[in-house]
Every structure is written in C-alpha cells, then in structure tokens.
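Residues in the sequence shown are numbered from 29 upward in steps of one, following the working numbering.
Glycine is no exception: its CB is placed at the ideal position from the N, C-alpha and C atoms.
Note that the coordinates shown come from a computational prediction; the quantities given were computed from them, not determined experimentally.
Accompanying notes for the structure given below.
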Amino acid sequence: MKTFSLLTIVPATLAFGLIFTDANLAQTPQIEINRNLQPDPLILNGKSGGSVKSNCGNITTAPNQIIQLKESLPYLRLIVESQGKPTLLIDGPGGKFCVQADSYSGGKPELSGYWQAGKYSLHVGELSGQQYNYILSISQQKK
C-alpha cells in the first residue's frame, strides 16, 4: 500500500514542479537576436542579486533575461554595469559560465566573442549580497 501511494504522489509532485518552473521561465523576458541587432547596443535594465547563493554570487531562481540566437554569431559582447559587485552567469548551449569583473573590462563583467545558436539564460548576480539596479548592454560592435 505504501508503494502505491508513493507511485501516485511522486509523479504528481514532479508534474506540479515542472508547471511552476515553466511558469517562472514564461515570466522571464526573452529576446531574439540575429545578425542585424537593432538597436545596437541593446540596453536592458533590471535588479542584480537574489536569494540563491551560487559560485557566481547571489542570483535569482529564474534568469533575469533569456536570449535566443537564431543563428551563430561571429561576435557578440555582453557587459553588465552596476553600483555593486555584479557578476554574469550565462547558461547556454556551450555550457555554464560565470563572468566577473576584472581590470581589463574596467571593473564590469564582460564576455565577448563567437556565440553559437541557441537559448541562453542570463543571471545577473551580486557578490556583495545586496541588490542593485543594473544595465546589461548587448552589442555586435567590437570595442
């Protein structure tokens, strides 16, 4: 009897979990990017940090932004600006990457280069444990 109850409850619990996960992702803004990005740079705003501790600072459970690249791009650059100590966690077709500020990027997390087609979930994290307004700049222009 206990086995039957578990076999009934566990799939139902998993189904509800998937529904709520899809609902969170559905609320995350998604932008399609192609070779002719307009405007360039594309400027997005939000709030960094969150309640989830990660190896890339504090982040939110759902991504701050989702970008969909319809085709591979030879060059794309993402830069985060914030008053705090922002990070950028990128989860995409090539894996998961944590980008932190360094002296080369002027104290701003920046990632540029070749990007393959696919969906990328972006989390703007915060190392200080606080939350700050951020600006995310997406560009196809080289510095």
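- A contact is defined here as three or more CB-CB pairs under 8 Å, and the segment 61 to 71 fails this definition with respect to the segment 123 to 132.
- The bridge partners DSSP lists for Q58 are I94.
- The residue from C84, N92, Q144, S140 with its alpha-carbon nearest to that of E99 is Q144.
- The three-state reading of DSSP puts P114 in strand, counting E and B together.
- Residues L72, V108 of the same chain have their beta carbon placed closer than 6 Å to that of L164, with the five preceding and five following residues left out of the count.
- As DSSP reads the structure, E138 sits in a beta bridge with I107.
- With contacts defined by Cβ atoms closer than 9 Å, Y103 and Y148 do not form a contacting pair.
- Cβ contact annotation for S156 (same chain, cutoff 7 Å, sequence separation greater than five): G112, K113, in chain order.
- Closest in alpha carbon position to E154, among S76, Q93, N83, P57, is S76.
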